[in-house]
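Residue numbers for the sequence shown, in our numbering: 14 to 492. Beta carbons are placed, not taken as given, at the ideal position from N, Cα and C, and that holds for glycine. Some notes on the structure that comes next.
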Amino acid sequence: MSGSQVVVVGAGIAGLAAAHRLARRGARVTVLEASERVGGKLLPGEIAGARVDLGAESMLARRPEAVALAREVGLDERLQPPATATASIWTRGALRPMPKGHVMGVPGTADALAGVLSDEGLARIGQDAELPRTEVGDDVAVGEYVAARLGREVVDRLIEPLLGGVYAGDAYRISMRSAVPQLFQVAKTHTSLTEGVREIQARMAANQQTGPVFMGIEGGVGTLPLAVADAVRAAGGEIVTGSPVTELRREASGGWKVVAGDRVLHADAVIVAVPAPAAAGLLRAESPEAAAELDTVEYASMALVTLAYRRSDTALPAGSGFLVPPVDGRTIKASTFASQKWGWIADENPDTVVLRTSVGRHGETEILERDDTALVDVSRHDLREATGLDATPIETRVTRWTDGLPQYPVGHHARVARIREHLAKVPGLAVCGAQYDGVGIPACIASAHAAVDLIEGDLTVVPELTANPVQSTRGGAGE
């Protein structure tokens, strides 16, 4: 790959991670970003003088990709786990401790959900061991399967708020195979779901997965893409913001022509790291079939309301915040007590308390049509109902993420497989991002690394790029 010219379209964390891997392997990299900044859904900001995240605020630590990338770009000493691992769920009229002993809300025993479910709901879980096998086929909705095994209360009171926090979606539509693959595997091999969950828990214990589940960064997770961008530039890469790509064409030579405004680039390979609608537009000329599949990807919109209070005016419950089941009819779907969750925020701002709420799920349009003042008002109302917080904030900020989260409905894995099958016919082209293999930061980085590995296999078959051509890896097993 050394010396090859590669264009990356999109400077979210996936595009930047791809550019970083390419630069480290000796490629000449140009990143083209339509907006005026890098980072995508990772956005550092400030409120009342406090540094905060206005987008994603943490990254899964039990997958290695995000933490490893942070270390590679010099953020090792700024990595911090949450200051508290306890959280609550606001349901049935009260803040209740978040149950332990479950896998994405699916319990190994009914005892794990005591206090959150009714007596009838707890009793229904016990019937799982007596039910005949529930076939899942090639895929099944998380909510549909779990409700059949354990009853709807488990789905409505726990799985919905947990999955809603990740996908802003509907548990009764979300693919179990794509969103919670470990549950899908036990569903295929076990008659009893609770028995399968206990097996997952035993396996995790045997593998000593006891470290922090999540990790943050002092100054905010939004500083990660900035550090990656700096590392790309330091390695000789170029990042151009305010430069939307309008045309992507294969040239007779086998390379690529990339048009961005008045700028025309010629590249040996291209990685497309933008959301599905934009990716579809770029791929339509060279892979109309892949573009048609990307056109079917749905997105959910949401908004984050960040509020700052005088510490002397606040007395929040212990813990990092709470989730809200949709079935309870509240407007907010979660609240994070940022000053309690992240020690660096508290240390930097001893007289200020920062918290935030989130609103908006897939299909909810009315709430997001309200203006910023209305979103702040409804957030304050729900916070008062949940925690008793009645103080007036000293500053508020509303950050809207329109079409921010791709949805993973039943059959998502098959759609992604078809996209990759179509793109396999187009050498020197790969895709990555949240709409393929996971919406979390580590999953996006992993998809970027896979895209780089894929085009590297293509480039090795071009005689002028290597003295010892080898067979392309495209089309092989594992794509």
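Taking G356 as reference, the option from V119, R297, P94 with the minimal CA-CA separation is P94.
About 19 Å separates the CB atoms of S256 and L442; that is not less than 8 Å, and the two are not in contact. Of V116, Y322, A184, V444, the smallest CA-CA separation from R433 is found for V444. For A107, the closest C-alpha among the options P330, V168, V199, A218 is that of P330.
In this chain, the alpha helix (DSSP H) harbouring F197 covers 194-202. If the five residues before and after A47 are omitted, its C-beta is found closer than 6 Å to the C-beta atoms of P257, all from its own chain and listed in chain order. Shortest Cα-Cα distance from A313 to any of L381, P110, P145 involves L381.
Taking C-beta separations shorter than 8 Å and ignoring five residues to either side along the sequence, the partners of R323 in its chain run D364, T365, V366, A404, I407, following chain order.
Each of G267, G268, A265, V272 was checked against the Cα of T259, and the nearest Cα belongs to V272. Taking one beta carbon from each stretch, the segment 342-349 and the segment 371-391 have 3 or more pairs nearer than 8 Å; the two touch. In the structure shown, the three-state DSSP call for K354 is helix.
Inside the segment 77-102, DSSP marks whole alpha helix (DSSP H) runs of 4 or more residues at positions 78-85, from first to last along the chain. Just so you know, the alpha carbons of H394 and A430 end up roughly 45 Å apart.
A residue is called buried once 16 or more other Cβ atoms fall within 10 Å of its Cβ, and E133, having fewer, is exposed.
Around G229, the same chain offers S71, Q93, W355 as residues with beta carbons nearer than 6 Å, after the five sequence neighbours per side are excluded.
Assignment of D308 by DSSP, reduced to helix, strand and coil, places it in the coil class. Between A242 and I252, the gap from beta carbon to beta carbon is short of 7 Å.
If you look at D416, you'll find it in the beta strand (DSSP E) that goes 408-419.
Taking the Cα of A127 as reference, the smallest distance to any Cα among A83, R170, M189 is reached at R170. By alpha-carbon distance to V452, the top candidate from I26, E173, D466 is I26. The Cβ-Cβ distance between E264 and V439 does not fall below 7 Å. For M117, no alpha helix (DSSP H) encloses it, and the DSSP letter there is neither H nor E. A direct Cα-Cα distance of roughly 20 Å separates M217 from L175.
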